[in-house]
Structures are given as C-alpha cells and as structure tokens.
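Everything in the sequence shown is counted per our numbering, starting at 322 for the first residue and increasing by one. Built from N, CA and C at the ideal position, the CB exists for glycine as well. First comes the structure, then the notes that go with it.
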Amino acid sequence: MRIVKIQKKETIYENKSHSIIAKRSVGSMNREEQIANAEKATVDSIREQRFAKTAELVKIPGHPLHTFTLENEALVKTIEKCREALKNGHVEYKLIEEVRQLAIHYAKKGDLLYPHLKVKYEISGPSDVMWTVDDEIRDEFAALAKKADSQDDEWKKRFEAALTRADEMIYKEANILFPNCAFNFTDEEWFGIYRDSKDYAECLGVENGVWEDAEKAQDVKTPSISQDEIVMAGGHMTVEQLTAMLNTIPLEISFVDTDNINRFFNEGPKVFKRPGMAIDREVFSCHPPKIEQQVRRIIEEFRAGTLDKVPVWMDKNGRTMLVTYMAVRDKSGKYLGTMELVQDMEFAKEYFQK
C-alpha cells in the first residue's frame, strides 16, 4: 500500500540516522549530548512502535484504520485523475463530484477520531489543526464545483492547490493521526468506532468491511428496560414507551446537560451523525475549532438566561435543514441543559412550491 510504504521509508531513515550517531564514541560526548541522544533514541523507538502498530491494524479487514487507508488509496487515484484532466484542459463535473467524496472520509475523522484523541488522551494537535484544514479543503472543493462551468486559469490554479492540500492530508493522516490513534486506542474503543462508522455513507467505492472480532464483541442481548413507569405532570409512561416515542418523532434530538456533557441522542438514521462514543463526552469536543466558539457562546447565553432559542437554516447534501438550539429549563427558569433539534424541511419546501 502506498501509505504504508511512506511510513517504512521514514522509519528506515530514522534508523540510519540513529546508527550514524551510535558510531560516535560515547566518551567524546558531553553529558548534554548523551542526554539528547538518549531522548532521541526514546522518541525514535516510540515512533517505530506507533508505525508498527498502525501497520498491524491496517492489515485487519474491516478495522476502521483498514477502511480509512483504503479510502485514502482510492482518493490518491482520484487526485491523479483530476490532475490528468487538468493537464488536458478540462475537469468533468462528474470527476469534481468524485473528489468531493473526501467529505465523507473527513466527516468520519471529525466525528470518530479527533474528539476521542483529544478528550481521552489529551492529544489535541490533530483536532486543533487538521480538523480545520479538513473543513477548508472540503469547502474549497464545494466552491469550485459551483464555478465548474467556467474553468479559467484562476479556477484551475485553485483546483490544483486544493488537490495538493488533499494529498498532503493523506500523508498527515498516515504519519500523524493514524499512528497516534493506533498507539493509544484500546480494542474496546476501536470496536465502538467500528460500530459508529456503519452510519456513514460509502466513500469512493470503499465499502465498510466486516471486522470479525468487533462483530463477536458486540452485545447481542436486548437491553433490559424497566417496566416501572416514569410519572410526569402530563401523564405516565414506561421507559420502553418513552424511548419508542422519542425515536418516532421525525427529528434528530440531542440533549446536553448543564455541565456541557452529551447525555442523549435519539436513535435512527441521521443527517448529522451522533456516534454513540460521544455520549458522556463534552459537547465542545464534537465540533471543529471554527464551530466550537459559536457553540460555546450559544450555551453560555442559554445559561445566563439572555437567550432561549437559536434557529439555523442550512443546506446539507442538497436538502434544506432546520437546526434549532433550545435552552431547557425547569418551571422556575433554572437552566438544565441544551437541546438540539434537526429537521429535514425539504417536505415543506416541496409543499409550498406546488
């Protein structure tokens, strides 16, 4: 695989560098040099362990890193086709749409890898830097697609630059992101990522393979639901009835408590993916840096009582969506948390266009 080769080349280079240092007489080094070389040897050893673990996981059919790597290999081929088309003077719209599928790959990273690496293992570099770059690449391809009818020199220059950034991101994933994840994530965490990844669309023809170990590890038992009723002012229901009702409502429902922790997502297909691993995780970690500050501001205004509701209209995958953020309060007005409601409004647009 192309990516694995890159890793091996880097490891070989580091080993050669280390062997050159080793040839020097230890006695001719001062204490500072000896300490520096010892530290470098430790760092090199850790890097080699990370690359070795990554290579091991990439070979497992159906493992998330196996799928991510296959997607990157497919993306490399698409980038090459785009560059060949640029040389020939015109990039077909179909090919532009093909390269834009990297957005699926980037969404999975943003939902499943970046937040967990930052929150659980306090490795924030990928989340703080790479996530922002992902968004910039995705947005640039989207903007270029809208102007694909007039592919002047400026358009071609921007398209080539976007291809270069996408190519560089493949390298960064293979040499920074994936090794960090491989070295730190436990089997149980990978099982969770595998389960959550099933909710995402196929990217560049790469199917989500079956990871046998993860399938065997899944709890096939039906969750036990207490038959005791929950008594509320408006009536009473069993947990089973309440759960079924929340899952039937034609909205994507999320609830964040007063400590900014994700506490509940209703079940079912979602336009805005909500991985199960995000439960009990701080809500801010689930958003890229450029969105995080907006979310913080909204929640703080909810908490302060200066705001109760924020509606956001947007286009998502060609469909009109309404995302509504609402402060949840008790009868006395005490802030209990924030609810997010996502509704596909395409039906309303179609109705009023009749």
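Residue environment, His384, which counts as buried when at least 16 other CB atoms sit within 10 Å: buried
Have a look at Thr390, Leu567, Tyr435 and Pro571 and flag the residue whose alpha-carbon is nearest the alpha-carbon of Ser606. Tyr435
For Asp534, tell me which candidate among Phe512, Thr579, Val527 and Ile551 has the shortest Cα-Cα distance. Phe512
If I measure Cβ to Cβ from Arg584 and keep anything under 6 Å in the same chain, skipping five residues before and after, which residues do I get? Phe576 and Asp578
Is it right to say Glu517 is buried, meaning 16 or more other beta carbons lie within 10 angstroms of its own, or is it exposed? The sequence given here places Asp at residue 517; Glu does not occur at that position. Per the 10 Å Cβ criterion, buried.
Express the C-alpha separation of Ala599 and Lys652 in angstroms, rounding to a whole number. 29 Å
C-beta atoms of Val644 and Val633 nearer than 8 Å: yes
Ile327 in three-state terms, based on DSSP: Residue confidence for Ile327 is low, a pLDDT of 42 falling below 50, so the modelled location carries little weight and cannot support an answer.
Are three or more beta carbon pairs between the segment 409-423 and the segment 444-451 nearer than 8 Å? no
Whose C-beta lies closer than 8 Å to the C-beta of Glu550 among residues of the same chain, with five residues either side of it excluded? His557, Met558 and Thr559
Less than 8 Å separating the beta-carbons of Val592 and Asp665? yes
Taking one C-beta from the segment 373-393 and one from the segment 493-502 each time, how about it: are there three or more such pairs within less than 8 Å? yes
Going by beta-carbon coordinates alone, are Leu396 and Ala487 separated by less than 8 Å? yes
Do you know how far the Cα of Glu369 is from the Cα of Asn505? 14 Å
In whole angstroms, what separates the C-alpha of Ile514 from that of Lys429? 9 Å
Sheet register partners of His608 (DSSP bridge): None; His608 has no bridge partner.
What does the Cβ neighbour count give for Met566, buried or exposed, with the cut at 16 atoms within 10 Å? exposed
Can you tell me the Cα-Cα spacing of Ala483 and Leu662, whole angstroms? 33 Å
Using DSSP with H/G/I as helix, E/B as strand and the rest coil, what is Trp634? strand
Might you give, ordered along the chain, the residues of its own chain that have their beta carbon closer than 8 Å to the beta carbon of Leu657, omitting 5 neighbours on each side? Asp578, Thr579, Val649, Arg650 and Asp651
Chain-order list of residues whose beta-carbon lies under 7 Å from that of Lys655 (same chain, five-residue window excluded): none
Which value, in whole angstroms, describes the spacing of the CA atoms of Thr507 and Arg602? 17 Å
Using a threshold of 8 Å, state whether the C-beta atoms of Val631 and Ile620 are closer than that. no
With a CB to CB cut of under 6 Å and the five nearest residues on each side skipped, what residues in its chain are close to Met647? Lys630 and Met660
Where do the N-terminal and C-terminal ends of the beta strand (DSSP E) with Gly526 fall, by residue? Neither: Gly526 is in no beta strand (DSSP E) and is coded neither H nor E.
Kindly provide the ranges of any alpha helix (DSSP H) runs that are 4 or more residues long and lie completely inside the segment 367-451, ordered along the chain. 385-408, 414-420, 423-429 and 435-442
Excluding five sequence neighbours on each side, which residues of the same chain lie with their C-beta closer than 7 Å to the C-beta of Glu588? Asn568
Count the other CB atoms, across all protein chains shown, that sit within 10 Å of the CB of Phe586; report buried if there are 16 or more and exposed otherwise. buried
If I follow the unbroken beta strand (DSSP E) through Ile551, where does it start and stop? Glu550 to Met553
Own chain, CB closer than 6 Å to Asp432, minus 5 neighbours either side, in chain order: Lys594 and Pro596
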